[in-house]
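Note sheet for the following structure.
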Amino acid sequence: MSLGSKLKTANVGMITSAAFYVAVGVIFFILLPITNFPPHIGIIGILSLVTAYGLVKKRSWTIWFVVMLFFIATTFSLYTLYYFISIDILLGLAMVAYLVLTWASTAYIVSRRKTLES
1 MSLGSKLKTA NVGMITSAAF YVAVGVIFFI LLPITNFPPH IGIIGILSLV
51 TAYGLVKKRS WTIWFVVMLF FIATTFSLYT LYYFISIDIL LGLAMVAYLV
101 LTWASTAYIV SRRKTLES
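Each residue of the sequence shown is one higher than the last, beginning at 1 in our numbering.
Here it is as structure tokens:
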């Protein structure tokens, strides 16, 4: 089955969520050398890319990665907001956007988890 035919039959919400996780993974890998290689940024990037792969391939284990990333992203975003909101407004807005998009994506995927189990 070609990629074009898979995209025609795929759920738009799942593809959007997968694109979100790919974008997060790529952005975190770009930020990795800028921030002097902290391991938590690399781990979030790897988990995001693995989650995007699982969403595209409709693997049943993906739900666990989504839930895991929900807690990791929430903790990371709230920590960053708490310590850097008064220093860098742009970083604060980016963390709020990341937090909201993570929550929305997680809520959507968890509500549609039956499509991953089939």
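By construction, the Cβ of each residue, glycine as well, lies at the ideal position given by its N, Cα and C atoms.
Checking 8 Å against the spacing of the C-beta atoms, do residue i and residue j come in under that value?
i: LYS58; j: THR16; result: no
i: ALA68; j: LEU55; result: Contrary to the premise, residue 68 reads as Met rather than Ala in this sequence. No, they are not a contact pair.
i: MET14; j: ARG113; result: no
i: MET176; j: THR80; result: What the structure shows of the chain is the stretch from 1 to 118, and residue 176 is not part of that stretch, so it cannot be assessed.
Give me, in chain order, the residues of the same chain whose beta-carbon lies closer than 8 Å to that of residue i; leave out the 5 immediate sequence neighbours on both sides.
i: VAL50; result: PHE65
i: TYR98; result: VAL24, ALA73 and SER77
On the premise that residue j lies in contact with residue i, defined as a C-beta separation below 8 Å, what is that separation, rounded to the nearest angstrom?
i: ILE44; j: ILE72; result: 6 Å
i: PHE70; j: THR102; result: 6 Å
i: VAL100; j: ALA52; result: 19 Å between Cβ atoms; not a contact.
Excluding the 5 residues flanking residue i on each side, which residues of the same chain have their C-beta closer than 6 Å to its C-beta?
i: PHE84; result: LEU91
i: SER123; result: Nothing can be reported for residue 123, as the shown portion of the chain is limited to 1 through 118.
i: LEU32; result: ILE41 and GLY42
i: PHE28; result: ILE41, ILE44 and GLY45
Give a yes or no on whether the minimum CB-CB distance between residue i and chain D is below 8 Å.
i: SER105; result: Of the protein chains in the structure, only one exists, and it is not chain D.
Among the residues of its own chain, which have a CB less than 7 Å from the CB of residue i, if the five just before and after it don't count?
i: THR62; result: THR51, GLY54, LEU55 and LEU116
i: ILE93; result: A small correction: the amino acid at residue 93 is Leu; Ile does not occupy that position in the sequence shown. Result list for LEU93: empty, nothing under 7 Å.
Open item on the list: Going residue by residue through the segment 85–118, where are the continuous beta strand (DSSP E) segments of at least 3 residues, counting only ones entirely within it?
Closed with: none
Task: alpha helix (DSSP H) runs wholly inside the segment 4–67, at least 4 long, in chain order - done: 12–34 and 39–57
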